[in-house]
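See structure below.
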Amino acid sequence: MSDTAIRTKRSTKRAMGPYGQVGKIVDELDDRYGIAKVGRVALDKIFPDHWSFMLGEIALYSFVVLIATGIFLALFFVPSAHEIIYHGPYAPLRGQRVSEAYQSTVNISFSVRGGLLIRQMHHWAADIFVGAIIVHMARIFFTGAFRKPRELNWIIGILMLVLAVLEGFIGYSLPDDLISGTGLRIGYSIAESQPFIGSYMTSFLWGGQFPGDGSIIPRFFIIHVLIIPLALLALVSIHLALLVHQKHTQFRGEGRTEHNVVGSPMFPTFMAKTTGFLFMVAAVTALLGAFAQINPIWQFGSYDSSKISYAVQPDWYMGMLDGALRIMPSWEFAGVGHTVPLEVFLPAVVFPTMLITFWLLYPTLERRITGDNELHNLLDRPRDRPKRTAAGVAMFSFMFTLFAASSTDVLANFFHVSLNATLWFFRIAIFVIPAIAAAVTYQLCKEMQGVHGIGKRKRAVIVHRSAQGEYSTVPSAPRPDDEHVELDPEPVPVRIDIEPLSNGADRQPETSPTGVRQVTR
Amino acid sequence: MSDTEHQPSRTRVPMPIAALSDPHIGDAARHPKRVEGLIALVFVASMVLFGISGAAYWQNWSPWIFGGALGGGLFLLGFGLTAWGKYLMPQGPFVEERHTLAKSPAERNALSAALVERTTVVVKRRRMLGGLFAAGAGIMGIVLAFPLLRSLGPVPKDEFDVSQWKAGTVLVDSNGRAIRKDTLVPGGLMTVYPRNQMYIEYGKVTFTDQGLATDQTVLLRLPGGEFTTMPGREGWTPDGYVAYSKVCTHLGCPVGLYEQELELLVCPCHQSMFNIRNGAVPQFGPAPRPLPQLPLGYNDQGYLISTAPYDQPLGPAFFERS
Chain C
1 MSDTAIRTKR
11 STKRAMGPYG
21 QVGKIVDELD
31 DRYGIAKVGR
41 VALDKIFPDH
51 WSFMLGEIAL
61 YSFVVLIATG
71 IFLALFFVPS
81 AHEIIYHGPY
91 APLRGQRVSE
101 AYQSTVNISF
111 SVRGGLLIRQ
121 MHHWAADIFV
131 GAIIVHMARI
141 FFTGAFRKPR
151 ELNWIIGILM
161 LVLAVLEGFI
171 GYSLPDDLIS
181 GTGLRIGYSI
191 AESQPFIGSY
201 MTSFLWGGQF
211 PGDGSIIPRF
221 FIIHVLIIPL
231 ALLALVSIHL
241 ALLVHQKHTQ
251 FRGEGRTEHN
261 VVGSPMFPTF
271 MAKTTGFLFM
281 VAAVTALLGA
291 FAQINPIWQF
301 GSYDSSKISY
311 AVQPDWYMGM
321 LDGALRIMPS
331 WEFAGVGHTV
341 PLEVFLPAVV
351 FPTMLITFWL
361 LYPTLERRIT
371 GDNELHNLLD
381 RPRDRPKRTA
391 AGVAMFSFMF
401 TLFAASSTDV
411 LANFFHVSLN
421 ATLWFFRIAI
431 FVIPAIAAAV
441 TYQLCKEMQG
451 VHGIGKRKRA
461 VIVHRSAQGE
471 YSTVPSAPRP
481 DDEHVELDPE
491 PVPVRIDIEP
501 LSNGADRQPE
511 TSPTGVRQVT
521 R
Chain L
522 MSDTEHQPSR
532 TRVPMPIAAL
542 SDPHIGDAAR
552 HPKRVEGLIA
562 LVFVASMVLF
572 GISGAAYWQN
582 WSPWIFGGAL
592 GGGLFLLGFG
602 LTAWGKYLMP
612 QGPFVEERHT
622 LAKSPAERNA
632 LSAALVERTT
642 VVVKRRRMLG
652 GLFAAGAGIM
662 GIVLAFPLLR
672 SLGPVPKDEF
682 DVSQWKAGTV
692 LVDSNGRAIR
702 KDTLVPGGLM
712 TVYPRNQMYI
722 EYGKVTFTDQ
732 GLATDQTVLL
742 RLPGGEFTTM
752 PGREGWTPDG
762 YVAYSKVCTH
772 LGCPVGLYEQ
782 ELELLVCPCH
792 QSMFNIRNGA
802 VPQFGPAPRP
812 LPQLPLGYND
822 QGYLISTAPY
832 DQPLGPAFFE
842 RS
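Line by line, the protein sequences give chains C and L. So that you can map any letter, position 355 of the first sequence is 355 in the working numbering, and since no number is skipped, the others follow by simple counting. Quick note, the working numbering runs 521 ahead of the 1-based positions in the second sequence.
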């Protein structure tokens, strides 16, 4: 062939076809993996545009931050309970007996360049991670997104929450400082409180009686950096794969049905937004890490089982458990040669187990109660399901009351009331507050259902006063942004036409193919 | 393979296109040019901030400059990208059809049939083999659990939370000093350990884990001389000295707070309060049992000693405790 003799830029380009290098790569990949169809569908995957869908993304992206910062920390942390004398740059600790785990954490903070920031980012990201999971879960609950066919993803979500809380507890126990060591001591006693297996469990895990033979730190380390992260990674993958396979839920709206998804396409719109959001989540952890001190372990000192400090509070997500332990009456069962510390076993083992089981079973329970066995892809407005919303609010107020009960001592000091009164307040409030919250929520939902134009912006009212002093009102004229205007959804276009094509044959009219119909809701 | 069979399409695909003026494609921004300029500025600013954070790292400036600049850069980069996506990219709403995931009844039946009928052939006919295989797998599971149960830690025996306080053990403070009659003034308090758990390492007095975690004891001297905390404990408090286990009977925290006016020991973890004069009976909070009391006396040299071991296991309850 003669034109192969002279290869110019233009001839090479022509040989590539209209899609150039990208087209070539797609051809090669499709030959081997048959990606053409799947890839096209993936690019057009639709993500509903609703702010509440970002909550899960916060959890996902803080997990990314946790992995990135965690890898950095693991390069410097020494998981050892071996005791040495501190000789580092932090003067107040010099000459003190500390564990290697503690010293290496202090070193990460003061001797490793950038280490303090990364450590604080890691801790902040962990707090955000658990918080985002819970808020995301609330969104799923109140909008009914857990209903058939998505029960499994709800269950996976709950399991991830449990793992995240466990991972957080184990993670902040690793530095072996005074506060986390006290937490670990409490954890040991909780595990020991279980009938039959308790003492075996603690002895095996700690390598003997508390504080054990020093195995707990390296064991917690491998659980923290490998076992739970791996489990979380697997569950996150299944969670997202199921989400892609079953497609998103969406709120009711113009053109939205049980049989479609309306929103932005994966590429490029959603890609840009969500990648930007990843950076912003990372930014928030970095800014918190830079400006808000968290867990300054060098002030607490290394763990010493006979020392303790005032206002011992765990990280916030353990607060609920601590509150339950505080308000539980001191009922201990002793008899038939055995002791069961019910004052520990009930609030710290039985109660969380029951709570988690209840959450896991909730989709099934609701289906049993309502008898609703249909597939649901459209979300509920919380006000339209007053009973579920009331139940959810009751659950959240219950958990929040327990959380508040974890600071009885601080509250009593702050408000100058006796500790006894504070405790009894919480013992009663734990039943009363959820009941009141549920009743109020139920009533509010019912009221909101009956309000005309709910969820829409109120229009201003103009009051006129006539010459005779008579008043009259007229609604003001609508302003441009008063009403939510939405276009008809249409399929994602393959090509966006910037320059009008010379050949008008395959050309669409200047307006949208379906014609632009503006819909006012 | 012939060329025609395997010829990827080399011409433009005729598929739906949309014009830029289509509101689904069009800018969500009122002034796209201005938005583009702003986003460009944001990106440039993020670069500057990343540069500053790099310089802060290089020059070892304060962590907050490094972190603040890094966070600011990340935020602006993300903000710019998100704004680009929100204002300058195809907005939609676009629609995608949901395909029913459920298959036809015929296909479901085919799967069910295959499962049920193959199982019948393979398993039910060879019931013995199935049973043996299950037994083998079960035994394997049990055997594989051995290392987990046996190698991780010792089997707890009868020595739960047994203290090393014996009859005649000298009380020492955290610096290893023994205690005399006038060491504490009335109203004073300190933490003491059994001297048999003390050793010197790196030129410093220290205690075994057992001594610190289990045997830690709080020693108080109450005004008013000798008293009796409980019937049967006469003579345990020479000169008003009284000693209780410092390990809380609730969850094992050190009972580290002392309410001097009310003569209460308070656990800072869950606010259990123990009445010192009446045998450390829990007066408030979740602790179920009194703190065990250590009977005190003096030895020949005038040092405080325990005259007998604790009469019960220390710390929180466990199943094997009678």
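Every residue gets a Cβ at the ideal spot worked out from N, C-alpha and C, and that includes glycine. Nothing here was measured: the structure is a model prediction, and the numbers come from that model.
Straight across, the Cα-Cα distance linking residue 749 of chain L with residue 740 of chain L is about 15 Å.
Burial check for residue 469 of chain C: the Cβ neighbour count within 10 Å stays below 16, so the residue is exposed. For residue 247 of chain C, the chain L residues whose C-beta falls within less than 8 Å of its own C-beta are 617, 619, listed in chain order.
Approximately 5 Å separates the beta-carbon atoms of residue 613 of chain L and residue 264 of chain C; this is inside 8 Å, confirming the contact. Closer than 8 Å to the CB of residue 696 of chain L there is not a single CB belonging to chain C.
Between residue 321 of chain C and residue 348 of chain C, the gap from beta carbon to beta carbon is short of 8 Å. Between residue 725 of chain L and chain C, the shortest Cβ-Cβ separation is below 8 Å. Using a Cβ distance threshold of 8 Å, residue 408 of chain C and residue 426 of chain C count as a contacting pair.
Proximity of residue 781 of chain L to chain C, defined by a Cβ-Cβ separation below 8 Å, is not satisfied. Using beta-carbon distances, residue 676 of chain L counts as an interface residue toward chain C, with a partner under 8 Å. For the pair residue 567 of chain L and residue 591 of chain L, the CB atoms are not nearer than the 8 Å cut-off. Chain L places no beta carbon closer than 8 Å to that of residue 57 of chain C, leaving this residue out of the contacts.
For residue 714 of chain L, the enclosing beta strand (DSSP E) has its first and last residue at 710 to 715. Bridge partners of residue 693 of chain L according to DSSP: L:699, L:714. CA-to-CA, the gap between residue 287 of chain C and residue 791 of chain L works out to about 34 Å.
If you look at residue 795 of chain L, you'll find it in the beta strand (DSSP E) that goes 794 to 796. Of L:774, L:801, L:761, the smallest CA-CA separation from residue 780 of chain L is found for L:801.
Within a 10 Å sphere around the beta-carbon of residue 109 of chain C sit 16 or more other beta-carbons, which makes this residue buried.
Contact between residue 808 of chain L and residue 306 of chain C does not hold, since their C-beta atoms are separated by about 18 Å, which reaches or exceeds 8 Å. Take the alpha-carbon of residue 293 of chain C and the one of residue 314 of chain C: they are about 16 Å apart. Between residue 144 of chain C and chain L, the shortest Cβ-Cβ separation is not below 8 Å. In terms of beta-carbon proximity, residue 486 of chain C lines the interface with chain L, with at least one pair separated by less than 8 Å. C-alpha of residue 539 of chain L to C-alpha of residue 436 of chain C: approximately 54 Å in a straight line. The three-state secondary structure of residue 182 of chain C, taken from DSSP, is helix.
Remark: three or more beta-carbon pairs, one from each stretch, lie closer than 8 Å, so the stretch 142 to 150 of chain C and the stretch 245 to 265 of chain C are flagged as touching. Straight-line measurement puts the Cα of residue 129 of chain C at about 43 Å from the Cα of residue 713 of chain L. Interface annotation for the stretch 750 to 778 of chain L against chain C: 767, 771, 772, 773, 774, 775, 777, 778, criterion Cβ-Cβ distance under 8 Å. Remark: C-beta atoms of residue 266 of chain C and residue 45 of chain C approach each other more closely than 8 Å.
The residues 81, 99, 101, 102, 217, 302, 303, in chain order, have a CB closer than 7 Å to that of residue 176 of chain C in the same chain once the five nearest residues on each side in sequence are set aside. Residue 804 of chain L carries a strand assignment under DSSP once its states are collapsed to helix, strand and coil. In this structure, the beta-carbon distance from residue 406 of chain C to residue 412 of chain C does not fall below 8 Å.
Chain C places a beta carbon closer than 8 Å to that of residue 712 of chain L, counting this residue as a contact.
Interface with chain C (8 Å Cβ-Cβ cutoff): residue 603 of chain L is included. Chain C places a beta carbon closer than 8 Å to that of residue 792 of chain L, counting this residue as a contact. Using a Cβ-Cβ cut-off of 8 Å, residue 261 of chain C counts as an interface residue toward chain L, since at least one Cβ of chain L sits closer than that to its own. When Cβ-Cβ separations below 8 Å define contact, residue 344 of chain C makes contact with chain L.
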